[in-house]
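Novice: This is the structure I want to talk about, given as structure tokens.
4 protein chains.
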Amino acid sequence: MRIGVLTGGGDCPGLNAVIRAVVRKGVTAYGHEFVGFRDGWKGPLEGLTKPLGIAEVRGILPRGGTILGSSRTNPFKIEGGVEKIKANLAEQGVDALVAIGGEDTLGVATKLHDLGVNVVGVPKTIDNDLNGTDYTFGFDTAVNIAMEAIDRLHTTAESHHRTLVVEVMGRHAGWIALHAGLAGGANVILLPERQFDVEQVATYVTKRFQVEYAPIVVVAEGAQPLDGQMVLHNQELDSFGHVRLGGIGQWLAEQLEEKTGKEARTVVLGHIQRGGTPTAFDRVLSTRFGLQAIDAVHEGDFGKMVALKGTDVVRIPLIEGTGELKTVPIERYEEAEVFFGN
Amino acid sequence: MRIGVLTGGGDCPGLNAVIRAVVRKGVTAYGHEFVGFRDGWKGPLEGLTKPLGIAEVRGILPRGGTILGSSRTNPFKIEGGVEKIKANLAEQGVDALVAIGGEDTLGVATKLHDLGVNVVGVPKTIDNDLNGTDYTFGFDTAVNIAMEAIDRLHTTAESHHRTLVVEVMGRHAGWIALHAGLAGGANVILLPERQFDVEQVATYVTKRFQVEYAPIVVVAEGAQPLDGQMVLHNQELDSFGHVRLGGIGQWLAEQLEEKTGKEARTVVLGHIQRGGTPTAFDRVLSTRFGLQAIDAVHEGDFGKMVALKGTDVVRIPLIEGTGELKTVPIERYEEAEVFFGN
Amino acid sequence: MRIGVLTGGGDCPGLNAVIRAVVRKGVTAYGHEFVGFRDGWKGPLEGLTKPLGIAEVRGILPRGGTILGSSRTNPFKIEGGVEKIKANLAEQGVDALVAIGGEDTLGVATKLHDLGVNVVGVPKTIDNDLNGTDYTFGFDTAVNIAMEAIDRLHTTAESHHRTLVVEVMGRHAGWIALHAGLAGGANVILLPERQFDVEQVATYVTKRFQVEYAPIVVVAEGAQPLDGQMVLHNQELDSFGHVRLGGIGQWLAEQLEEKTGKEARTVVLGHIQRGGTPTAFDRVLSTRFGLQAIDAVHEGDFGKMVALKGTDVVRIPLIEGTGELKTVPIERYEEAEVFFGN
Amino acid sequence: MRIGVLTGGGDCPGLNAVIRAVVRKGVTAYGHEFVGFRDGWKGPLEGLTKPLGIAEVRGILPRGGTILGSSRTNPFKIEGGVEKIKANLAEQGVDALVAIGGEDTLGVATKLHDLGVNVVGVPKTIDNDLNGTDYTFGFDTAVNIAMEAIDRLHTTAESHHRTLVVEVMGRHAGWIALHAGLAGGANVILLPERQFDVEQVATYVTKRFQVEYAPIVVVAEGAQPLDGQMVLHNQELDSFGHVRLGGIGQWLAEQLEEKTGKEARTVVLGHIQRGGTPTAFDRVLSTRFGLQAIDAVHEGDFGKMVALKGTDVVRIPLIEGTGELKTVPIERYEEAEVFFGN
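Each protein sequence line maps, in turn, to chains A, B, C and D.
The UniProt record's numbering numbers the first residue of the first sequence as 1 and each following residue consecutively.
The UniProt record's numbering numbers the first residue of the second sequence as 1 and each following residue consecutively.
The UniProt record's numbering numbers the first residue of the third sequence as 1 and each following residue consecutively.
The UniProt record's numbering numbers the first residue of the fourth sequence as 1 and each following residue consecutively.
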């Protein structure tokens with residue numbers, strides 16, 4: 001068989017480990033050939049390829065990012081996109097595709113499979129918000145990076161009697177905030193899944209100062225205050241109507257400073273959460289995902305994605321993984337609340 | 001309620017996080033009081049206690065080790081041990097115990113529960129070999145430490161065209177070797193669960209040198225060669241009949257040097273695998289274990305231990321967790337074998 | 001002797017290591033007593049003290065921040081400040097002070113010494129911009145944190161064919177940018193010491209994309225473009241006339257995106273550069289600074305600060321260390337330029 | 001010019017950073033050409049080369065080891081070695097050599113320069129024991145790795161009330177032990193420069209247990225007890241007369257266990273101290289060494305080696321760097337002694 005591999009969406013530690021496992025097992029155990037498509041679905045759409053064999057995957061296990069490049073190109077939004085993909089796959093002699101990506105990338109994979117393309121999906125989202133799998137790779141790395149930052153910030157907060165607001169990734173799901181906040185001993189954790197009361201947050205912060213320790217507030221970038229609490233003046237909106245001055249973290253720090261009378265500072269972790277070498281958890285998970293994906297391709301079990309269930313890596317229908325966002329359930333949030341304000 | 005807490009067996013990153021979660025939730029949510037027992041079962045046996053409240057658990061989340069100390073004392077091997085424990089618990093006014101430990105510590109907990117002591121167990125083993133739970137805390141930290149060491153050793157191996165044998169923890173179960181080896185891109189992984197053929201290992205090593213890369217061999221301390229391969233001269237045994245010169249790692253390096261004609265060196269990671277600050281995974285897991293344990297105590301649900309099943313922390317009968325060792329199943333080992341020798 | 005210790009200014013990894021060394025040697029070698037003053041000069045000003053002995057300094061060597069707290073209080077800006085300090089020192093029976101801090105803190109120390117207070121200074125600035133010492137502690141830690149962030153960002157930049165602008169600390173001196181940029185393999189490094197031509201930076205960035213690698217631009221927070229290049233609309237200034245929308249990093253990313261036609265993103269490292277456990281270099285340097293400072297106090301050699309010269313820790317007059325800012329000399333910048341744009 | 005580059009002796013973090021800086025500046029600033037010689041002096045001796053240009057040095061800055069390979073081959077110990085080297089250099093059209101290595105490698109460089117070969121040396125020793133330079137690269141990385149190990153071991157030592165003996169590199173000079181011991185808060189530090197009294201060490205250890213903390217003893221592999229304290233039975237020597245059972249660390253742990261009545265364990269850090277990605281200090285130092293070395297070559301300033309003096313990278317005669325070992329001066333050791341036993 002000749003098999004194409006592509007990676008789509010935001011980069012994520014573990015992508016290279018998946019590619020390596022797919023190719024290593026595909027070549028050595030099954031004798032398949034591979035071709036890399038560059039930059040997500042843009043690769044098969046425009047016929048952009050890259051050699052992909054044992055030599056190309058040497059040494060990439062510990063490396064972040066993706067040797068294939070990535071993009072957010074969606075062939076279904078391009079005139080004749082599907083036909084071009086089919087033509088390019090045919091020209092390259094590609095019998096099957098391994099598509100590694102998040103909801104968008106796997107959504108395309110699902111539709112292409114319905115249209116007769118042989119696809120196996122590997123779920124990827126640093127936010128851990130894909131249904132059908134217990135965890136996605138990259139998440140553990142992001143949580144560790146955020147936790148290490150929080151560890152560092154504790155000493156600064158306490159030396160200066162300041163509140164430190166740490167804004168982490170998570171537009172729609174608060175997994176990174178929840179886990180990094182628990183692991184880092186945050187005083188409050190705020191998630192997109194639940195609007196927060198800025199007065200309550202200020203109360204927690206004040207309580208923490210009373211025991212002579214300074215608070216760390218972890219806030220997901222998509223968290224929102226209760227309706228009406230964020231009153232914007234005109235000049236705080238940009239021409240698209242977005243809040244101008246930084247994100248929710250900065251807004252919250254300003255509010256807390258005002259309400260508690262204690263200095264507050266914001267740190268926005270941003271892109272450092274998604275780059276660099278994966279943790280052991282993510283390397284093992286992405287390697288096992290890759291091995292299971294190439295097994296599925298080899299067996300002709302298409303239209304599936306690989307998934308973690310407990311300690312097992314299994315296959316589930318592609319459609320199951322991409323239908324709905326996996327958000328933080330209320331009981332997991334309440335479990336954490338016992339630490340708030342103490 | 002007045003609740004005693006103890007930690008037994010080898011230390012493990014995450015012990016302090018469990019203690020903190022138990023106390024924080026016990027005090028703030030339920031209003032319980034706590035007393036720390038020192039040095040495992042030795043504490044209740046000899047009446048060695050330590051104050052344990054909100055103040056004592058501040059700042060211990062990221063710290064390795066255990067603020068309560070540990071030991072391997074077994075009260076059932078001591079004349080009148082159980083009676084002494086019961087007397088000391090009564091004297092301290094202790095209504096229930098949270099026992100954090102491995103097979104031995106929880107084995108004692110199980111028997112004491114049968115004898116009427118109110119106990120809830122929290123499983124702890126860095127080796128990840130306790131039944132009934134998907135993972136134990138400390139394991140992820142150990143695997144990451146071993147992986148980082150392997151990452152470092154790759155460059156040395158290649159610069160000097162040497163084989164590097166890395167001996168990791170695991171007397172009876174090879175989980176650390178398997179995960180660290182997968183995560184570190186080991187050339188061969190050797191586990192206690194399966195005797196290895198030193199000739200086969202030498203073949204893998206030789207094959208690796210042929211592609212111009214130097215091999216890393218990861219070996220669990222309890223791994224053994226095929227019967228008859230380790231022929232010992234008298235002077236290689238100490239007075240107890242144990243192998244003198246280092247462990248299996250050193251023996252293997254000598255064998256590989258002889259059989260492949262390439263220099264080989266050994267690194268024994270030893271105690272650095274079990275100390276220091278826990279990873280995010282271990283901090284979250286141990287915190288959730290602690291929260292579930294105090295809930296069980298509060299509800300009077302004794303004779304249980306907490307356990308991870310998928311993404312849920314649940315309770316199972318103590319007896320289920322400690323009966324049998326959880327070793328690496330053959331299919332997990334075969335999954336990894338595709339990387340050997342390449 | 002009874003000796004007061006205080007830490008002033010921004011926190012910095014190594015402060016606790018200095019305190020520990022001062023107290024450990026002062027007590028065990030010389031038999032002195034200590035009292036901690038809280039929150040910089042605010043402590044002696046308001047008589048805020050803290051016990052400080054062997055017990056208090058146990059275990060603080062690896063901890064970031066300062067157990068004494070810090071502030072930017074300047075007693076010379078407060079009516080009767082100096083008299084209050086003298087009165088409080090007398091009341092506490094303090095014979096001498098060890099003042100650990102940057103230009104402001106040591107400036108106060110210098111003036112107090114002229115007014116008859118027995119002071120020895122320990123230089124502290126994460127920016128490494130104090131004259132009279134080769135390095136200050138905290139700087140090496142900050143550079144390593146920034147370098148690790150840059151390491152992570154390389155893979156993201158390349159996977160997405162994006163420019164990544166990393167804004168690091170350094171308002172007036174670009175030492176962190178220079179060292180982190182060199183260590184992280186930055187494509188361009190921009191310092192406060194030298195205005196940059198945004199067109200030239202865009203040329204470097206474009207050149208880098210041509211060799212199929214994505215650029216990392218490291219910019220000190222105090223770096224400025226050539227006069228006239230940053231044309232500000234009114235609404236981009238806040239009420240103090242400062243640029244509103246983020247710092248120089250965000251401005252630069254927007255400019256580069258426009259000029260190069262490639263996506264650009266900014267990461268502002270902020271407070272994570274100054275918190276957390278010190279590197280070995282900083283632990284050794286701050287320990288040696290502390291030992292030399294207590295020797296100076298013991299010998300009555302006041303009005304001095306400790307300093308690193310080559311591999312020696314020596315004493316210099318306080319006035320020499322605080323007179324002028326140590327900026328990056330042009331030849332060090334030119335040394336780095338060979339890497340720009342390649 | 002056509003310039004050869006080689007790396008000799010034990011590998012060391014920063015070697016690749018030197019190679020990269022030499023080639024990057026040599027090509028882009030001066031237009032020189034390069035050829036890599038493989039495996040130290042073995043390369044020019046046997047004519048083993050490797051292409052070396054901008055493409056080959058991309059991405060190697062953060063990588064440990066050496067892309068050129070290394071060996072301990074000494075051409076002066078080989079019949080006709082010098083003539084072979086001269087012939088191979090002529091055949092390759094090589095005008096000058098950059099030799100990166102320790103005492104042995106630079107010793108050969110010195111002699112070859114006397115025989116008319118154009119050589120510039122770059123000093124390399126992880127042990128920091130080369131004269132003529134304040135620091136060598138790789139040392140800071142090794143010290144940080146050892147310090148992190150010690151940080152981890154503290155918690156284990158205290159949880160189990162055990163002594164932990166950490167054996168670090170340093171056969172003839174104790175720089176790594178001294179700096180890692182100071183940075184890690186060791187209870188005792190033992191160096192090759194000064195024989196130790198095992199009774200005194202036991203006293204320190206005992207004292208530490210009395211304050212309820214467990215001791216870490218850091219011992220350089222080349223440290224030795226006072227004459228007569230290590231009484232060996234015949235069977236403890238191997239056929240070369242070397243001590244068989246592990247190194248000095250294990251011997252010391254056994255002695256301390258016996259003399260103090262407290263369990264003692266040994267960790268031998270071994271090869272993990274020399275592999276992996278360099279710290280920022282080492283990346284900056286090795287980059288600056290490389291830049292200065294290529295400048296020297298370009299200017300025809302042969303027979304020199306580069307060196308760090310304070311914050312400057314300078315050139316000194318090769319002979320000055322390699323004559324004598326730079327050991328730890330007694331006053332640096334005494335500076336550290338204040339922490340022993342406390």
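Heads up, the beta-carbon is just placed ideally off N, CA and C, and yes, glycines get one too.
Buried or exposed, going by whether 16 or more other CB atoms sit within 10 Å of the CB of L68/C?
Specialist: buried
Novice: Assuming T277/C and S159/A make a contact with CB atoms under 8 angstroms, what is their CB distance in whole Å?
Specialist: Actually they are not in contact, since the Cβ atoms of T277/C and S159/A sit about 14 angstroms apart, beyond 8 angstroms.
Novice: Could you work out which residue in D114/D, M169/D, L190/D, R288/D is closest to E331/C when comparing CA atoms only?
Specialist: R288/D
Novice: Using a Cβ cut-off of 7 angstroms (strictly closer), state whether I319/C contacts chain A.
Specialist: no
Novice: Check whether the Cβ of G17/D lies closer than 7 angstroms to any Cβ atom in chain B.
Specialist: Looking at the sequence shown, residue 17/D is not Gly but Ala. No - not a single Cβ of chain B is within 7 angstroms of the one on A17/D.
Novice: In chain A, which residues lie with their C-beta within 7 angstroms of the C-beta of D11/C?
Specialist: T155, T156, S159, H160
Novice: Which value, in whole angstroms, describes the spacing of the CA atoms of E335/A and G10/A?
Specialist: For the pair E335/A and G10/A, the Cα-to-Cα distance works out to about 30 angstroms.
Novice: Would you verify that the beta carbon of V143/D is, or is not, closer than 7 angstroms to some beta carbon of chain C?
Specialist: yes
Novice: Of all the residues that make up the segment 254-287 of chain B, which are near chain D by a beta-carbon distance shorter than 9 angstroms?
Specialist: R265, T266, V267, V268, L269, G270, H271, I272, Q273, R274, G275, G276, T277
Novice: Going by DSSP, name the residue or residues bridged to R2/D.
Specialist: E33/D
Novice: Using C-beta distances below 8 angstroms, list every residue in its chain close to L182/D, excluding the 5 sequence neighbours before and after it, in chain order.
Specialist: I189, A336, F339
Novice: By how many angstroms is the C-alpha of A29/A removed from the C-alpha of A271/A?
Specialist: Per the sequence shown, residue 271/A should be read as His rather than Ala. Rounded to the nearest angstrom, the two C-alpha atoms are 37 angstroms apart.
Novice: Specify, as a first and last residue, the run of the beta strand (DSSP E) that K304/C falls within.
Specialist: Unbroken beta strand (DSSP E) run through K304/C: 304-309.
Novice: Please report how far the alpha carbon of A264/D lies from the alpha carbon of D129/B, in whole angstroms.
Specialist: 26 angstroms
Novice: What number of angstroms, rounded off, separates the C-alpha of E83/D from the C-alpha of G321/D?
Specialist: Their backbone Cα atoms lie some 25 angstroms apart in a straight line.
Novice: Rounded to whole angstroms, what is the Cα-Cα separation between V165/A and K259/A?
Specialist: 14 angstroms
Novice: Look at the alpha carbon of V5/B and the alpha carbon of D95/B, and state the distance between them as a whole number of angstroms.
Specialist: Taking the straight line from one Cα to the other gives about 11 angstroms.
Novice: With respect to the beta strand (DSSP E) encompassing A223/D, which residues constitute its N-terminal and C-terminal limits?
Specialist: Looking at the DSSP string, A223/D is not in any beta strand (DSSP E), and its letter there is neither H nor E.
Novice: Of the choices T155/A, E199/A, P192/A, T206/A, whose alpha-carbon is the least far from that of G184/A?
Specialist: T155/A
Novice: Hey, could you find the ends of the alpha helix (DSSP H) R332/C is sitting in?
Specialist: 330-337
Novice: Who are residue 351/A's beta bridge partners in DSSP?
Specialist: Because chain A is modelled from 1 through 342, residue 351/A falls outside the range shown and cannot be assessed.
Novice: Give me the chain A residues within the contact set of N88/B, using Cβ-Cβ distance strictly less than 9 angstroms, ordered along the chain.
Specialist: None at all; the shortest Cβ gap to chain A is about 30 angstroms.
Novice: Give me, in chain order, the residues of the same chain whose beta-carbon lies closer than 8 angstroms to that of R208/A; leave out the 5 immediate sequence neighbours on both sides.
Specialist: N187, A214, P215, G341, N342
Novice: Please return the same chain residues whose Cβ sits closer than 7 angstroms to the Cβ of A180/C, not counting the five positions on each side in sequence.
Specialist: V143, A146, M147, I150, V168, V218
Novice: Going by beta-carbon coordinates alone, are V108/B and W41/B separated by less than 7 angstroms?
Specialist: Yes, the Cβ-Cβ distance between V108/B and W41/B is below 7 angstroms.
Novice: If I follow the unbroken alpha helix (DSSP H) through I67/C, where does it start and stop?
Specialist: Looking at the DSSP string, I67/C is not in any alpha helix (DSSP H), and its letter there is neither H nor E.
Novice: Can you tell me where the alpha helix (DSSP H) holding P44/D begins and where it ends?
Specialist: 42-46
Novice: Suppose you measure from the CA of L191/D to the CA of A173/D; what does that come to, to the nearest Å?
Specialist: 7 angstroms
Novice: Given that a residue counts as buried once 16 or more other Cβ atoms are within 10 Å of its Cβ, and exposed if not, what is E103/D?
Specialist: buried
Novice: Quick check: I85/B and P75/B, are their CB atoms within less than 7 angstroms of each other?
Specialist: yes
Novice: From the beta carbon of P215/C, is the nearest beta carbon of chain D less than 7 angstroms away?
Specialist: no
Novice: If I measure Cβ to Cβ from V211/C and keep anything under 7 angstroms in the same chain, skipping five residues before and after, which residues do I get?
Specialist: none
Novice: Go ahead and pull the three-state DSSP assignment for D11/C.
Specialist: coil
Novice: With distances taken from CA atoms, which of D114/D, G303/D, H113/D, I248/D is nearest V267/D?
Specialist: I248/D
Novice: Where do the N-terminal and C-terminal ends of the beta strand (DSSP E) with R315/D fall, by residue?
Specialist: 312-317
Novice: Using a Cβ cut-off of 7 angstroms, pull out every chain B residue sitting near T66/D, in sequence order please.
Specialist: Chain B residues near T66/D: S159.
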